[in-house]
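Chains as they are written, first to last, in our numbering: chain A, 11 to 244; chain B, 4 to 294; chain C, 63 to 372. Below is one structure, written out as structure tokens, with a few remarks after it.
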Amino acid sequence: MGSLLQVNNVSKHFGGFTALAGVSLEITQGERFGLIGPNGSGKTTLINCIAGSLRNDAGSIRFQNAEISRLPAYKRTRLGIARSFQIPRPFHSMSVLENLLVPLQYVAHGKEEEVFAILKKIGLADKADALSSQLSQVELRKLELARAMAARPRLLISDEAMAGLSGAEVDEVLKILFDLNAEGITIIMIEHIMHAVMRFSQRVVCLDAGKIICEGTPASIVQNADVQRAYLGA
Amino acid sequence: MIFSFDLLFEAILFGILLGCFYAAVSIGLSVSFGLLDVPHVAHPAIMVFGSYCTYVVAGWGLDPILAGVVLMPAFFVLGVLIYRFYYETFERRGSEAGVRGLAFFFGLAFIIEVGLILGFGVDQRTVQAPYIGSSLALGEYRIPYRMLVAFGVALVLTAALTVYLSKTFTGRAIKAVAQDEPALRLMGANPVRIKQWAFGIATGVSALAGAMLIIVGPVEPALDRLYIGRTFCVVVLAGLGSMTGTLAAGLILGVAESLVLMFFGASWAPAVAFGLLLVVLGIRPQGLFGR
Amino acid sequence: MKYWIGAALLFIAALAAALSPVNEYFFYAGYVVLTFVVLSTAWNILGGYAGYVNFGTGAFFGLGSYSAVVLFKALSAPLAVQIVAAAAVGAALGFGVGIMTLRLRGIFFAIATVAILFIMETLMVNWRYVGGATGLQLLRPDVMAPFSSYTRMLFVVMALLAVVAVSVARYVQVSWIGRGLRAIRDSEEAAESSGVPTLRLKVFACTISGALMGAAGAPMPMYLSFIEPASTFSLNWGVSALAMPMIGGTAHWIGPVLGALLLGSIQQIVTVTISNEINVLVVGVLLVLFVVLAPDGIVGLFKKWVRYFR
Numbered sequence: 011m012g013s014l015l016q017v018n019n020v021s022k023h024f025g026g027f028t029a030l031a032g033v034s035l036e037i038t039q040g041e042r043f044g045l046i047g048p049n050g051s052g053k054t055t056l057i058n059c060i061a062g063s064l065r066n067d068a069g070s071i072r073f074q075n076a077e078i079s080r081l082p083a084y085k086r087t088r089l090g091i092a093r094s095f096q097i098p099r100p101f102h103s104m105s106v107l108e109n110l111l112v113p114l115q116y117v118a119h120g121k122e123e124e125v126f127a128i129l130k131k132i133g134l135a136d137k138a139d140a141l142s143s144q145l146s147q148v149e150l151r152k153l154e155l156a157r158a159m160a161a162r163p164r165l166l167i168s169d170e171a172m173a174g175l176s177g178a179e180v181d182e183v184l185k186i187l188f189d190l191n192a193e194g195i196t197i198i199m200i201e202h203i204m205h206a207v208m209r210f211s212q213r214v215v216c217l218d219a220g221k222i223i224c225e226g227t228p229a230s231i232v233q234n235a236d237v238q239r240a241y242l243g244a
Numbered sequence: 004m005i006f007s008f009d010l011l012f013e014a015i016l017f018g019i020l021l022g023c024f025y026a027a028v029s030i031g032l033s034v035s036f037g038l039l040d041v042p043h044v045a046h047p048a049i050m051v052f053g054s055y056c057t058y059v060v061a062g063w064g065l066d067p068i069l070a071g072v073v074l075m076p077a078f079f080v081l082g083v084l085i086y087r088f089y090y091e092t093f094e095r096r097g098s099e100a101g102v103r104g105l106a107f108f109f110g111l112a113f114i115i116e117v118g119l120i121l122g123f124g125v126d127q128r129t130v131q132a133p134y135i136g137s138s139l140a141l142g143e144y145r146i147p148y149r150m151l152v153a154f155g156v157a158l159v160l161t162a163a164l165t166v167y168l169s170k171t172f173t174g175r176a177i178k179a180v181a182q183d184e185p186a187l188r189l190m191g192a193n194p195v196r197i198k199q200w201a202f203g204i205a206t207g208v209s210a211l212a213g214a215m216l217i218i219v220g221p222v223e224p225a226l227d228r229l230y231i232g233r234t235f236c237v238v239v240l241a242g243l244g245s246m247t248g249t250l251a252a253g254l255i256l257g258v259a260e261s262l263v264l265m266f267f268g269a270s271w272a273p274a275v276a277f278g279l280l281l282v283v284l285g286i287r288p289q290g291l292f293g294r
Numbered sequence: 063m064k065y066w067i068g069a070a071l072l073f074i075a076a077l078a079a080a081l082s083p084v085n086e087y088f089f090y091a092g093y094v095v096l097t098f099v100v101l102s103t104a105w106n107i108l109g110g111y112a113g114y115v116n117f118g119t120g121a122f123f124g125l126g127s128y129s130a131v132v133l134f135k136a137l138s139a140p141l142a143v144q145i146v147a148a149a150a151v152g153a154a155l156g157f158g159v160g161i162m163t164l165r166l167r168g169i170f171f172a173i174a175t176v177a178i179l180f181i182m183e184t185l186m187v188n189w190r191y192v193g194g195a196t197g198l199q200l201l202r203p204d205v206m207a208p209f210s211s212y213t214r215m216l217f218v219v220m221a222l223l224a225v226v227a228v229s230v231a232r233y234v235q236v237s238w239i240g241r242g243l244r245a246i247r248d249s250e251e252a253a254e255s256s257g258v259p260t261l262r263l264k265v266f267a268c269t270i271s272g273a274l275m276g277a278a279g280a281p282m283p284m285y286l287s288f289i290e291p292a293s294t295f296s297l298n299w300g301v302s303a304l305a306m307p308m309i310g311g312t313a314h315w316i317g318p319v320l321g322a323l324l325l326g327s328i329q330q331i332v333t334v335t336i337s338n339e340i341n342v343l344v345v346g347v348l349l350v351l352f353v354v355l356a357p358d359g360i361v362g363l364f365k366k367w368v369r370y371f372r
């Protein structure tokens, strides 16, 4: 299994505030990767830099052995990086089906039947004609993931897809992610729900104040003193 | 084009005075658009409305500057009402608020402008005061007193607002809500009330800005259109959220316009602010000191 | 198919009217209303579909007018050439402004359009070839048979332009381009992440919009027999071109048409019977009322009633 994504010494500043201070990590093809860290540690900034919503100020980001840090987000999506948003951003004037048609037509150049298959897989088939305003929280989260799936990604970044969901709903979303990974999609999961991250990830990285403070298996991360301090305070 | 260093110096001197004036009339927009993110294209129209109110109040015998100050509380209330309405109708609903908000303020500007035409006619209006009409002789140069008065008021206004925003509790809350609204909410403060207060201040300041406007020169209802360029040029050049930047940006615009006026004529002067605005948007949209 | 039949019928009706003994005033007023159909339809391609508001419609429209004047004065160019050239110039301006400012937030684009408007006016004021601030009188060429007056011919020309404009808008709306623009309007960040080349689509919409606005401006100098900068580059064109789609409804191509026909007719009546100032007031008040109370416009209200009675 080769290396899919290489993040090398990436930094990002907002005025005087340093959101990311030299972050490096490597993700292999087919991996289930967990990214954790307290609020404000830079997790979303990091994936914004990877997905292209933000430009990193320094460092390099290589995807499938090509430098992508100068590419606009839509080109990165076309190369195979898809992401869901922490706060769902559906296309509110469109039905659920149409929401998926956008990435389908602009990235995957696929046929409409594909979209039905995705909706079935994710459990939104009966809501195909519904507007996003008619969906529940968990359905909105699923729509975010479905839209990312419609882009036929090689790398899927799930940004706190399970925040605020009930236990059963978390299991639902987790199963979807496991199934996607089984099909060969590399997944980066950002989550606060620890048991989900631990069950899902093969490798976990913990971010704090823009720096990586720990990297390893879920078991080792949980026992790490720095991680505990970051989450619970010194 | 006749060039001489004397003319150049006079143009720059005049430009500095003019620039301070531009900074002062833009500072309300610095708050309402720069800090609060309200697409307030009706800001110049409200300022021109302030000029006409000054005209009326000054007509009762009050000095124009004093008239402007007297009008400030009423304009503060007006600002609070406008923001409240804007917030309830547009910002709250979220989606497509951008287009509708812009359209709303655009429509409002036109309504104000036509209202002024219907009330006062299209002719230009001026006010009288001892310092309007005569000039200070400084060696070979003549500086109109009204420009000095506007310059003085502008400095005081800009300084006062900058101090208010950085030293007082409410002022810092306003800056905070501009930077991180969720954090402010978590601290127990009500962002809507703070923004409302800030918009009220910005509108109150516009009353005094309007007074200065009619002191510096005659006003007519359509003047707001030209000032859309000047005020937005200053605010964008300064960088959204920067108060001190407003003064610097105002000076740059004032000197630029004054030079163009002196060496190329009045027919080119209106384009300076708009041209500078486009240049800034094209090469450095965050302005000089922007967030 | 129904659309094309309808469009053809309307155009034939316009042609028939122009050849009939209908009162000449109908064509004076009708020309202006049809101009607004083109302007509001063009505005809506960027403003309604993508959500980027243009205040400076007058700049594109006026540039089209002045391009036509220059071609007429320098080369005695026929009207058709003027229109095509004006469209090209409008497209170029749309492309230029778009590339420069559409990567920024919506309000910056809107303010930039005002800047373009004033800069265009200043340029024309200082250009003696086109008459500077006082403007230029124009002598109309001889009218072509079978029309009995030049105004009637212009009326038919503008009717054709209206059909073209609405057809373009309709195509954009139903195509994948339209879906991309709507995605941009709904959530630009999500659209970009979904593979939509947001800047390219926005610039495309701005270019098409500019081209149509420029084309609409080309016959205007002939219509007035006169051109001058202040009224040509007035912000008033901008508020009408914005109000009409917002009143008619921005989601569908029929919205701007309805808005232009309705508001345009009201404007003609008010200007003649009351005053031009009240006309602008009416536009402003209706705009604010619809934006606040009926944001989806007449089309939106119609849809609500249909759902209500089902």
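Note that CB positions come from ideal geometry on N, CA and C, so glycine has one too.
Assuming residue i and residue j are in contact, meaning their beta carbons sit under 8 Å apart, how far apart are those beta carbons, in whole angstroms?
i              : j              : result
residue 161(C) : residue 265(C) : 6 Å
residue 112(A) : residue 258(C) : 6 Å
residue 159(C) : residue 178(C) : 6 Å
residue 204(B) : residue 79(B)  : 7 Å
residue 161(A) : residue 118(A) : 6 Å
residue 218(B) : residue 149(B) : 5 Å
residue 285(C) : residue 93(C)  : 6 Å
Tell me, please, whether the CB atom of residue i is closer than 8 Å to any CB atom in chain C?
i              : result
residue 237(B) : no
residue 125(A) : no
residue 87(B)  : no
residue 260(A) : Residue 260(A) is absent from the model: chain A starts at 11 and stops at 244.
residue 64(A)  : no
residue 249(B) : no
residue 115(A) : yes
Determine whether the Cβ of residue i lies closer than 8 Å to any Cβ atom of chain A.
i              : result
residue 241(C) : yes
residue 208(C) : no
residue 361(C) : no
residue 260(C) : yes
residue 248(C) : yes
residue 78(C)  : no
residue 315(C) : no
Just grab the DSSP bridge partners of residue i for me.
i              : result
residue 38(A)  : 13(A)
residue 199(A) : 44(A) and 168(A)
residue 18(A)  : 70(A)
residue 327(C) : Answer is none; residue 327(C) lacks a bridge partner.
residue 218(A) : 221(A)
residue 147(B) : 138(B)
residue 76(A)  : 73(A)
residue 27(A)  : 24(A)
residue 288(C) : 199(C)
residue 141(A) : 105(A)
residue 92(A)  : 166(A)
residue 166(B) : Residue 166(B) is not bridged to any residue.
Please name the residue in the options whose C-alpha comes closest to that of residue i.
i              : options                           : result
residue 225(B) : 51(B), 80(B) and 106(B)           : 51(B)
residue 159(A) : 170(A), 141(A) and 189(A)         : 189(A)
residue 122(B) : 82(B), 55(B), 61(B) and 64(B)     : 55(B)
residue 122(C) : 369(C), 279(C) and 255(C)         : 279(C)
residue 218(A) : 106(A), 209(A), 93(A) and 32(A)   : 32(A)
residue 202(A) : 37(A), 48(A) and 82(A)            : 48(A)
residue 263(C) : 287(C), 235(C) and 80(C)          : 235(C)
residue 73(A)  : 163(A), 144(A), 30(A) and 109(A)  : 163(A)
residue 150(C) : 166(C), 163(C), 128(C) and 170(C) : 128(C)
residue 78(A)  : 93(A), 16(A) and 21(A)            : 16(A)
residue 83(B)  : 199(B), 118(B) and 168(B)         : 199(B)
> Which full runs of the beta strand (DSSP E) of 3+ residues lie inside the stretch 28-96 of chain B, going along the chain?
Replying inline: none
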